[in-house]
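Participant: The structure follows.
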Amino acid sequence: MVITVSHLKKFYQTHQKEPGFLGSLTSLVHRKYQTVKAVDDISFDIKEGELVGFIGPNGAGKTTTLKCLSGLLYPTSGFVSVLGFTPFERKNAFLKQIALVMGQKNQLWWDLPAIETFLLNKEIYEIPDAQYQKTLDELVELLDVRALLKVQVRKLSLGERMKMELIAALIHAPKVLFLDEPTIGLDVVMQKKMRDFIASYNQLHKSTILLTSHYMEDVRQLAHRVIIIDHGKILYDGKLDNLVKKFAKYKVLSVVLDTYVTPDKFKEIGELTDYNFPKVIIRVPRSASNVAAAQLLEKFPVDDLNIEEPDIEDIIRDVFSSNLK
Amino acid sequence: MKKYLQIIKDTWAEYMMYRLNFVLWRVRMVMQILVVYFLWWAIFSQKQEFFGYTQSMILTYILLSSIVRTLVLGTTTMDIGDVINKGDLSNFLLRPFHFFHYYIARDIGDKLLNFTFAVVEITVLYFFLRPPIFIQTNIVTLLFFLAAIIIGTILYFFFSLIFGFLGFWTPDVWAPRFLSFVIMEFFAGALFPLDILPKPIFFISQLLPFSYFLYFPLKVYLRQLPIEMLLQGFAISIAWIIGLMVCAQVLWQKGLKVYTAEGR
Chain W
0 MVITVSHLKK FYQTHQKEPG FLGSLTSLVH RKYQTVKAVD DISFDIKEGE
50 LVGFIGPNGA GKTTTLKCLS GLLYPTSGFV SVLGFTPFER KNAFLKQIAL
100 VMGQKNQLWW DLPAIETFLL NKEIYEIPDA QYQKTLDELV ELLDVRALLK
150 VQVRKLSLGE RMKMELIAAL IHAPKVLFLD EPTIGLDVVM QKKMRDFIAS
200 YNQLHKSTIL LTSHYMEDVR QLAHRVIIID HGKILYDGKL DNLVKKFAKY
250 KVLSVVLDTY VTPDKFKEIG ELTDYNFPKV IIRVPRSASN VAAAQLLEKF
300 PVDDLNIEEP DIEDIIRDVF SSNLK
Chain A
0 MKKYLQIIKD TWAEYMMYRL NFVLWRVRMV MQILVVYFLW WAIFSQKQEF
50 FGYTQSMILT YILLSSIVRT LVLGTTTMDI GDVINKGDLS NFLLRPFHFF
100 HYYIARDIGD KLLNFTFAVV EITVLYFFLR PPIFIQTNIV TLLFFLAAII
150 IGTILYFFFS LIFGFLGFWT PDVWAPRFLS FVIMEFFAGA LFPLDILPKP
200 IFFISQLLPF SYFLYFPLKV YLRQLPIEML LQGFAISIAW IIGLMVCAQV
250 LWQKGLKVYT AEGR
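These protein sequence lines map, in sequence, to chains W and A.
Here the first sequence is numbered in numbering that gives the first Met the number 0, starting from 0 and rising by one per residue.
Here the second sequence is numbered in numbering that gives the first Met the number 0, starting from 0 and rising by one per residue.
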């Protein structure tokens with residue numbers, strides 16, 4: 000196992016402060032503390048070369064988990080092991096084999112061209128010249144940024160900067176890569192490029208990648224395995240396909256009609272979610288989908304009918320909202 | 000070793016990106032010297048001696064202090080509080096390079112650059128003002144002077160680190176730092192030699208770490224300290240270094256445990 004997490008907990012103490020100067024004074028004397036359970040007893044294992052997607056709403060604990068795994072945060076309790084190291088000790092041998100890329104953080108020197116940061120990282124990670132040149136060439140080719148290497152970082156666009164951040168983080172060819180929202184704020188074209196890059200990097204280097212994202216597309220296209228987390232707890236850990244079977248309690252019947260039928264007629268079949276003549280979308284319980292389809296064909300002027308799995312995004316939304324209750 | 004050189008190079012490159020900013024900073028330093036210089040010039044136009052100092056001793060003290068301060072007080076560690084609060088500290092923690100070492104390298108770059116400029120400025124000022132300055136030629140004294148500067152530099156580095164580490168516990172890092180500047184400028188002896196102060200205040204100033212930033216090295220240079228005062232000075236300043244070093248280490252270790260790696 001490359002990564003082992005067992006009963007990891009990370010709680011924060013935060014204090015609330017009334018606004019204004021008076022609030023500051025009272026908070027000096029009397030503070031109300033609140034415990035935030037960012038990560039609450041999670042366990043999972045990740046094998047070498049796996050690409051795992053970590054999904055959950057804002058504040059679910061995804062980033063906190065990544066920070067615990069990369070040694071930034073001191074866990075409140077539980078056991079974490081990455082490549083056989085305890086991350087928080089931050090041994091050099093450990094740090095040389097991992098990288099954490101955060102979509103909203105930059106390690107590049109803002110006022111200097113990106114190549115300066117790459118050179119600095121080369122020295123810090125003690126990368127031999129030949130290896131550095133090879134890795135750099137490869138990354139620059141993959142991301143198509145040769146012309147931008149000598150441009151001051153502050154003058155780059157967000158997408159260009161994100162690519163440079165990736166190069167800076169990957170120049171030491173890490174075995175384990177933590178990607179926190181790598182596509183945040185990028186346009187759809189850039190998002191796709193970034194996804195393709197991550198996929199090919201994973202295949203090329205057999206590196207283990209743990210990725211968080213808000214965008215379902217990222218996870219759908221990249222990860223075979225997903226871990227769904229909310230309120231600091233794991234709700235699901237497994238294949239994306241199985242998630243559908245486990246959580247989707249309904250199927251979707253997508254129908255094309257020959258002649259108009261009043262909407263309330265569909266009530267006996269199932270839940271009408273969309274009606275835009277001639278197209279009708281109906282949700283039916285999973286077990287009853289065949290019966291419902293037969294009923295439709297028999298009683299309605301159906302031109303075409305499809306039984307479909309619901310959208311993953313819808314399922315996950317259902318999982319999260321049922322978790323709230 | 001090469002990583003340190005690369006950081007020094009990058010620090011210089013960064014300054015050169017903002018030439019105007021750097022030039023204005025140097026202009027400010029020159030103005031500061033001139034103000035203090037002419038103040039003392041005016042005082043000595045009335046009398047030959049003042050608190051046991053001759054004109055040449057005081058003017059040497061003032062001019063030399065502006066060079067020594069680039070070595071001792073020039074630092075890039077000011078931004079550590081913000082680095083912690085903005086979560087940028089994560090970038091340092093993720094790389095196999097000690098945070099302290101990074102700032103030591105950066106400081107060396109900063110100090111060398113400012114030192115070079117200060118020497119040039121003082122040389123130019125010297126040719127314009129032609130002050131009667133005192134040149135120390137005794138090699139042993141100069142070695143002690145160098146030792147005192149190095150001690151002062153290390154002392155101030157840890158002093159500044161500790162203020163930066165407050166950022167682990169509070170976002171208000173500038174208020175205490177600003178207060179420390181005011182106290183420090185006074186007790187470091189940047190404006191005048193501390194021994195012209197009333198005896199009790201002078202006594203306290205020698206127990207504080209500040210006087211070892213500027214006053215002590217300069218007095219060593221002027222060779223105005225009897226041997227027992229010299230030894231006492233080195234003993235107290237080294238004790239402070241050990242104290243502040245331990246304190247900085249402890250705060251660093253404790254701080255990392257409460258560090259939340261906040262995002263922007």
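Every residue, glycine too, gets a C-beta built ideally from N, C-alpha and C.
Predicted model, so just to flag it, every value in this text is computed and none were measured.
With a cut-off of 7 Å, does the C-beta of A:L93 fall near any C-beta of chain W?
Facilitator: Yes - at least one Cβ of chain W is within 7 Å of the one on A:L93.
Participant: Could you pull the start and end residues of the alpha helix (DSSP H) that W:Y200 belongs to?
Facilitator: First-last of the alpha helix (DSSP H) with W:Y200: 187 to 204.
Participant: Taking 7 Å as the CB-CB limit, is W:I123 close to chain A?
Facilitator: Yes, because at least one Cβ of chain A sits closer than 7 Å to the Cβ of W:I123.
Participant: Please tell me whether A:F185 has its Cβ less than 7 Å away from any Cβ of chain W.
Facilitator: A:F185 does not count as touching chain W.
Participant: Output yes or no for whether 7 Å exceeds the beta carbon distance between W:Y73 and W:F87.
Facilitator: Yes, these two residues count as a Cβ contact at 7 Å.
Participant: Quick one: what does DSSP say W:V38 is sitting in, helix, strand or coil?
Facilitator: It is a strand residue.
Participant: Determine the DSSP secondary structure at W:K324, reduced to helix, strand or coil.
Facilitator: Reliability of the predicted coordinates at W:K324 is poor, the pLDDT of 48 falling under 50, and the value obtained from them is presented with this limitation in mind. In this structure, W:K324 counts as coil in the three-state DSSP scheme.
Participant: Rounded to the nearest angstrom, what separates A:A234 and A:I240 at their Cα positions?
Facilitator: Distance between the alpha carbons of A:A234 and A:I240: 10 Å.
Participant: Rounded C-beta distance between W:V260 and W:F196? I'm assuming under 8 Å.
Facilitator: Between W:F196 and W:V260 the Cβ distance is about 49 Å, and since that is not below 8 Å, they are no contact.
Participant: I'd like the ranges of any alpha helix (DSSP H) spanning at least 4 consecutive residues and lying wholly in the segment 135 to 174 of chain A.
Facilitator: With a minimum length of 4 residues, the continuous alpha helix (DSSP H) runs that stay inside the segment 135 to 174 of chain A are 138 to 164.
Participant: Which residues mark the beginning and the end of the beta strand (DSSP E) in which W:Y73 is found?
Facilitator: From DSSP, W:Y73 is part of no beta strand (DSSP E); its letter is neither H nor E.
Participant: W:N91 touches chain A at which residues, Cβ-Cβ below 7 Å?
Facilitator: Simply P95.
Participant: Keeping to the same chain, check which residues put their C-beta closer than 6 Å to that of W:D240; ignore five residues upstream and five downstream.
Facilitator: Result list for W:D240: empty, nothing under 6 Å.
Participant: Skipping 5 residues on each side, what residues in its chain have a beta carbon closer than 6 Å to that of W:V139?
Facilitator: Excluding positions up to five away in sequence, the list reads R145.
Participant: Can you list, in chain order, the residues of the segment 0 to 20 of chain A whose Cβ is nearer than 7 Å to any Cβ on chain W?
Facilitator: Per Cβ criterion, the list reads K1, K2, Q5, I6, D9, A12, E13, M16.
Participant: What does A:G188 reach in chain W if we use C-beta pairs closer than 8 Å?
Facilitator: By Cβ distance, chain W contributes nothing, its closest Cβ being about 34 Å from A:G188, past 8 Å.
Participant: Under 7 Å, do A:F157 and A:L243 count as touching if we go by C-beta distance?
Facilitator: Against a cut-off of 7 Å, the Cβ pair of A:L243 and A:F157 comes out as a contact.
Participant: Considering only residues of the segment 206 to 285 of chain W, which uninterrupted alpha helix (DSSP H) runs meet the minimum length of 4 residues and lie entirely inside it, listed in chain order?
Facilitator: Correct list: 215 to 221, 239 to 246.
Participant: Using C-beta distances below 8 Å, list every residue in its chain close to A:K1, excluding the 5 sequence neighbours before and after it, in chain order.
Facilitator: Cβ within range, chain order: n/a, list empty.
Participant: Look at A:L213 and A:A189 and say whether their C-beta atoms are less than 7 Å apart.
Facilitator: Yes, they are a contact pair.
Participant: Residues in the segment 72 to 92 of chain A with C-beta within 8 Å of chain W's C-beta atoms, listed in sequence order?
Facilitator: Residues passing the 8 Å Cβ filter: G86, D87, S89, N90, L92.
Participant: For A:G86, does the three-state DSSP call read helix, strand or coil?
Facilitator: Here A:G86 sits in coil by DSSP.
Participant: Name the chain W residues that come within less than 8 Å of A:T259, Cβ to Cβ?
Facilitator: The contacting residues are Y11, L72.
Participant: At a CB-CB cut-off below 7 Å, which residues of chain W make contact with A:L255?
Facilitator: In chain order: Y73.
Participant: Does any CB atom of chain W fall closer than 7 Å to the CB of A:M30?
Facilitator: It does not; no Cβ of chain W falls within 7 Å.
Participant: According to the Cβ coordinates, are W:F43 and W:D229 closer than 7 Å?
Facilitator: Taking 7 Å as the Cβ cut-off, W:F43 and W:D229 do not qualify as a contacting pair.
Participant: Within a Cβ cutoff of 6 Å, which residues of the same chain sit near W:G269, ignoring the five residues on either side of it in sequence?
Facilitator: Within the same chain, W:G269 has close Cβ partners I281, R282, V283, A291.
Participant: Which first and last residues belong to the beta strand (DSSP E) in which W:V100 is found?
Facilitator: 97 to 101 is the span of the beta strand (DSSP E), which, as asked, contains W:V100.
Participant: Just to confirm, are W:V51 and W:R224 a CB contact at a threshold of 7 Å?
Facilitator: Going by C-beta atoms, W:V51 is nearer than 7 Å to W:R224.
Participant: For W:E267 and W:L210, what's the separation of their Cα atoms in angstroms?
Facilitator: Answer to the nearest angstrom: the Cα atoms are 43 Å apart.
Participant: Can you check which of these residues, W:L68, W:V218, W:L141, is closest to W:V4 by C-alpha distance?
Facilitator: Considering only alpha carbons, the answer is W:L68.
Participant: Let me check one thing: in DSSP terms, what residues is W:T52 bridge-paired to?
Facilitator: For the record, residue 52 of chain W in the displayed sequence is Gly; it is not Thr. In DSSP, W:G52 forms a bridge with W:L210, W:V225.
Participant: Which whole-angstrom value is the C-beta distance of A:A117 and A:T59, which I expect to be below 8 Å?
Facilitator: Rounded, the Cβ-Cβ distance is 15 Å, inconsistent with contact.
Participant: Kindly list the residues whose CB is nearer than 6 Å to the CB of A:P302, restricted to its own chain and excluding five residues on each side of it in sequence; keep chain order.
Facilitator: No information on residue 302 of chain A is available, as it lies outside the stretch 0 to 263 that chain A covers here.
Participant: Could you pull the DSSP bridge partners for W:Q12 from this structure?
Facilitator: W:T34.
Participant: Counting C-beta neighbours from all protein chains within 10 Å, is the total for W:I311 16 or more, i.e. buried, or is it exposed?
Facilitator: W:I311 should be labelled buried.
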